[in-house]
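Same order as they appear, the protein sequences are chains R and U.
Going from the first sequence to the numbering used here is simple: count from 1 and add 1.
Going from the second sequence to the numbering used here is simple: count from 1 and add 3.
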Amino acid sequence: MNETVKNVGLFALVGALILITGFMQSWNTAILILNMGLISAIMSIGVNLQWGFAGLFNVGIMGFVALGGLAVVLTSMPPVTEAWAAGGLRVLSGLLLGAATIAAAVIAHRKMRPGRTRGVVMIVILVGGFFLYRAVFDPGVEAVEAVNPAGTGYLGGLGLPVLLAWPVGGLLAAGAAWLIGKTALGLRSDYLAIATLGIAEIIIAVLKNEDWLARGVKNVVGLPRPLPYEIELQNDPAFVARVAGFGLDPVTASTLYVKLGYSVLFTVVLLILLWMAQMALKSPWGRMMRAIRDNEVAAEAMGKDVTARHLQIFVLGSAIVGIAGAMMTTLDGQLTPGTYQPLRFTFLIWVMVIVGGSGNNFGAVLGAMLIWFLWVQVEPIGLWLLQVLTSGMADANPLKQHLLDSAAHMRLLTMGVILLLVLRFSPRGLIPEK
Amino acid sequence: MDLLNAIVAIANYVLVPAISYGSQLALGALGVTLIYGILRFSNFAHGDTMAFGTMVTVLVTWWFQSLGVSFGPLPTALLALPLGILGCMALLLVTDRAVYRFYRQQKAKPVILVIVSMGVMFIMNGLVRFIIGPDDQRFSDGARFIIKAREFKQATGLSEGLAIKTTQGITIVTAVVVVALLFWFLNRTRTGKSMRAYSDNEDLALLSGINPERVVLYTWMIVAALATIAGVLYGLDKSFKPFVYFQLLLPIFASAIVGGLGNPIGAIAGGFIIAFSEVTITYAWKKVLGYLMPEGLQPEGLVQLLSTDYKFAVSFVILLIVLLFRPTGLFRGKAV
């Protein structure tokens, strides 16, 4: 079978699955799956850039997704002026002091000769800087969080259009990735894995606990939207008249209109990024990356700066994941730090990339759409399966009730089985690297 | 008197919790380090292995409790522990046969094995949630305290109390016994020596007639025992929640790497380093400083360096410092 035909067929299959959902369940569910599938596809492209092109093992994807979400709050929410007046500058100067402390310690480490004096100087700088930072920072935070804690209690954002938050999310994630890469790249692959795993947990901890930044677990809700609200459409006579022409009632039509609007936006971003990733893959730069991945020593002997190139692609891939994270928070309309779970946001993306085919951008996109569809649909399918299996038992049977209650956890099991099966029998994925 | 009070306060709030948490981390890190030394990959499924072993133990404990079996002042879970270990061993041996053995024969790269262990992690996580559910489970019974704070105050006349929970005592005693047994096994028995030989130099070990499958079999069995014991001790001390066990992966890996991956002594040292730093940095020192500082200089705030929510950050920063200045860990681990 021709390769192109096979690939088109695979994409058509996923499309058909989503269409079936639309006919069997509801179009709202189908488009919701499509939207999150598109976002997952962008995350997969980012991870594929790191793992497929360069062989970097990043298990901190959740952190970059969350940073993208933070960017939406920081860019699009209106600033809370009273909070800024109460302690905004104090908080900012505290943060600057903290950064200056670390910078001073790094400079001391670089400039001074190794020995006991250097160690003492560094400890003095770090400990002194820490207490100074806390002394400036803490009162500022208290003042900010005291301003209307039930409604705001944080500094707010810049009040810019929400679409601007997407590139900002990419920048924020890129900055974090640069810091991590600077320290952890160049070490062994397992260490990068553990370091990224750790940084993701820390980013989530910061989002949960720093209420002045994005209200922590109190969540920021009601984020601005790039599309009109459903209720506005329903009150718009022109819109109602137009959908009546199609024979739809305005409530359903308005929700479909908004969701499809998001689909269009996401598709545009996905296509741009996919095109860029494809160009990168085919360019001399992409060939160099794969050469480094396949044989670092040989690439180094050819004069390639392996660590610098790794840093470059690590930052690029993380930025793409950050953009996707910002898009996801925009779609949700709220930032809820409590919902970021590593199994869902790190390891599931890995399943997508591996199943789709690492090293192939189309594979990553396909894997993302397929796995996301399964992730959503395994739960009802599992429930149905268990109902069929237990149909012979009495309703009061505790085993039956337990099985039916636990159906929600089937999805983790299924994902594990899929990943292991693909790794075993088709380790190059559905659409292998050329 | 103030000095004594300060010492008791430190012991009560820092030393005792840190030693018991450190023992739990050390046992977990020993499992990670053994797998790394012998099977040569970082096992991401270790947290969930601990959760699985603990889950079996919890279920057996409930069964024993329903039969009316009890262990006097000690928790019933200790009686159930051997069965939990057996359950965990069965799971790991089946996993090895069904999953890992194929890649071993293929001589797959370590990073592939890490990804495979991610798949295993998903399955184990799903299994545990499927069987026992994602909620908090408490299963400790028996006497709550070895030393109660009030009795300690009455006996010594100090104003600070020292409380040692039964679970903390059990954790420390069990950890010492288990570590002693493990080192006796690794250093004195023939199988243990062949395991160390295999870890040090695979080719040479194969050449001298060591059966690799046997070594791997023993490794998984020991890892199952270590993981279950660590998990049960942690669960007795705090409570059993599958997601928390998954999150333990980070401090456990940090302990193993700080000590030097593949080095058992390093794993133990790493566990205690991580535990002590986490507890000291997130402890509010107001009380202790209140005793030590002269009148008038006593601090007003809590003197807590970091809030407890950032305990992950502590293990992470220590990990980073060690990686930057001594990439193979404090005790010179191995590098694949």
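Just so it is clear, CB atoms sit at the ideal spot from N, CA and C, and this is done for glycine as well.
Computed from a predicted model, the values in this text were never measured in an experiment.
One or two residues paired with residue i in a DSSP bridge
{"i": "R/A86", "result": "The partner list for R/A86 (beta bridge, DSSP) is empty, contrary to what the question assumes."}
{"i": "R/P80", "result": "R/G157"}
{"i": "U/K168", "result": "U/F148"}
{"i": "R/L336", "result": "R/V221"}
{"i": "U/D18", "result": "Note on identity: in this sequence residue 18 of chain U is Leu, with Asp being the wrong assignment. Note: U/L18 sits in no beta bridge, so no partner."}
{"i": "U/L77", "result": "U/F74"}
{"i": "U/Q140", "result": "U/F243"}
{"i": "U/Q307", "result": "U/A287"}
Closest by C-alpha distance to residue i, when choosing among the options
{"i": "U/A12", "options": "U/K314, U/L295 and U/F315", "result": "U/L295"}
{"i": "U/Y103", "options": "U/G263, U/E216, U/G299 and U/T331", "result": "U/E216"}
{"i": "R/R425", "options": "U/T170, U/A272, U/V247 and U/S120", "result": "U/S120"}
{"i": "U/T169", "options": "U/G212, U/A101, U/F74 and U/V219", "result": "U/F74"}
{"i": "R/G168", "options": "R/M290, R/V270 and R/E4", "result": "Per the sequence shown, the amino acid found at residue 168 of chain R is Pro instead of Gly. If we check each option's Cα against that of R/P168, R/V270 comes out closest."}
{"i": "U/T194", "options": "U/R100, U/L28, U/N214 and U/A270", "result": "U/N214"}
{"i": "R/V377", "options": "R/L224, R/L11, R/Q26 and R/V6", "result": "R/Q26"}
{"i": "U/M4", "options": "U/S162, U/L30, U/L28 and U/V218", "result": "U/S162"}
{"i": "R/I46", "options": "R/F348, R/L414 and R/S319", "result": "R/S319"}
{"i": "R/D139", "options": "R/H410, R/G304 and R/A87", "result": "R/A87"}
{"i": "U/S143", "options": "U/R153, U/H49, U/L84 and U/F186", "result": "U/L84"}
{"i": "R/R345", "options": "R/V66, R/W28 and R/L367", "result": "R/V66"}
{"i": "U/T98", "options": "U/V63, U/F188 and U/F55", "result": "U/F55"}
{"i": "U/T311", "options": "R/E143, R/N210, R/P229 and R/V366", "result": "R/N210"}
{"i": "R/R189", "options": "U/V180, U/L185 and U/P330", "result": "U/P330"}
{"i": "R/V307", "options": "R/E380, R/L186, R/V366 and R/L266", "result": "R/L186"}
Cβ pair residue i, residue j closer than 8 Å
{"i": "R/W213", "j": "R/V107", "result": "no"}
{"i": "U/F328", "j": "R/M416", "result": "no"}
{"i": "R/A84", "j": "R/V145", "result": "yes"}
{"i": "R/V163", "j": "R/Q335", "result": "no"}
{"i": "U/V322", "j": "U/I260", "result": "Looking at the sequence provided, one finds Leu at residue 322 of chain U rather than Val. Yes, the Cβ-Cβ distance between U/L322 and U/I260 is below 8 Å."}
{"i": "R/A105", "j": "R/G130", "result": "yes"}
{"i": "R/L156", "j": "U/G122", "result": "no"}
{"i": "U/G145", "j": "U/P76", "result": "yes"}
{"i": "U/I175", "j": "U/S26", "result": "yes"}
{"i": "R/G23", "j": "R/A31", "result": "yes"}
{"i": "R/L159", "j": "R/L75", "result": "yes"}
{"i": "R/T347", "j": "R/A178", "result": "no"}
{"i": "R/L387", "j": "R/A408", "result": "yes"}
{"i": "U/L305", "j": "U/A316", "result": "no"}
{"i": "U/L333", "j": "U/G263", "result": "yes"}
{"i": "U/P113", "j": "U/F44", "result": "yes"}
Local Cβ density within 10 Å of residue i, reported as buried at 16 or more and exposed below that
{"i": "R/K260", "result": "buried"}
{"i": "R/L57", "result": "buried"}
{"i": "U/D2", "result": "Given that chain U is displayed from residue 4 to residue 339, the structure contains no residue 2 of chain U and the question cannot be resolved."}
{"i": "R/I126", "result": "buried"}
{"i": "R/F54", "result": "buried"}
{"i": "R/I432", "result": "buried"}
{"i": "R/P79", "result": "exposed"}
{"i": "U/N190", "result": "exposed"}
{"i": "R/R412", "result": "buried"}
{"i": "U/Q108", "result": "exposed"}
{"i": "R/L35", "result": "buried"}
{"i": "R/S280", "result": "Correcting the residue type first, residue 280 of chain R is Met in the shown sequence and not Ser. That one is exposed."}
{"i": "R/G383", "result": "buried"}
{"i": "R/M303", "result": "exposed"}
{"i": "R/G358", "result": "buried"}
{"i": "R/F247", "result": "exposed"}
{"i": "U/K290", "result": "buried"}
{"i": "U/Q301", "result": "exposed"}
Proximity test, residue i beta-carbon vs the ligand ADP heavy atom, cut-off 7 Å
{"i": "U/F319", "result": "Because no ligand of any kind appears in the structure shown, any question about the ligand ADP cannot be addressed here."}
For the 8 Å Cβ check, are there 3 or more pairs between the region 69 to 76 of chain R and the region 325 to 334 of chain R? yes
Between the region 54 to 63 of chain U and the region 230 to 238 of chain U, do three or more beta carbon pairs fall short of 8 Å? The count of Cβ pairs closer than 8 Å, one atom from the region 54 to 63 of chain U and one from the region 230 to 238 of chain U, reaches three, so the stretches are in contact.
Could you check whether the region 185 to 203 of chain U touches the region 36 to 47 of chain U, counting it as contact only if at least three pairs of C-beta atoms, one from each stretch, sit closer than 8 Å? yes
Is the region 275 to 295 of chain R touching the region 42 to 56 of chain R in the sense that three or more CB pairs, one from each, lie closer than 8 Å? Counting C-beta pairs closer than 8 Å gives three or more between the region 42 to 56 of chain R and the region 275 to 295 of chain R, which meets the contact rule.
Are the region 336 to 343 of chain R and the region 201 to 219 of chain R in contact at 8 Å, needing three or more beta carbon pairs? yes
Spell out a yes or no on whether the region 397 to 411 of chain R and the region 132 to 142 of chain U are touching, meaning 3 or more CB-CB pairs, one atom from each, closer than 8 Å. Verdict: yes, contact present.
With a threshold of 8 Å, are at least 3 pairs of Cβ atoms found where one atom belongs to the region 184 to 202 of chain R and the other to the region 108 to 119 of chain R? No, they do not touch.
Would the region 87 to 94 of chain U and the region 7 to 24 of chain U be scored as touching if the rule is three or more Cβ pairs under 8 Å? Cβ pair count under 8 Å is below three, so no.
Count the CB pairs spanning the region 266 to 286 of chain U and the region 238 to 257 of chain U that are closer than 8 Å, and state whether there are at least three. yes
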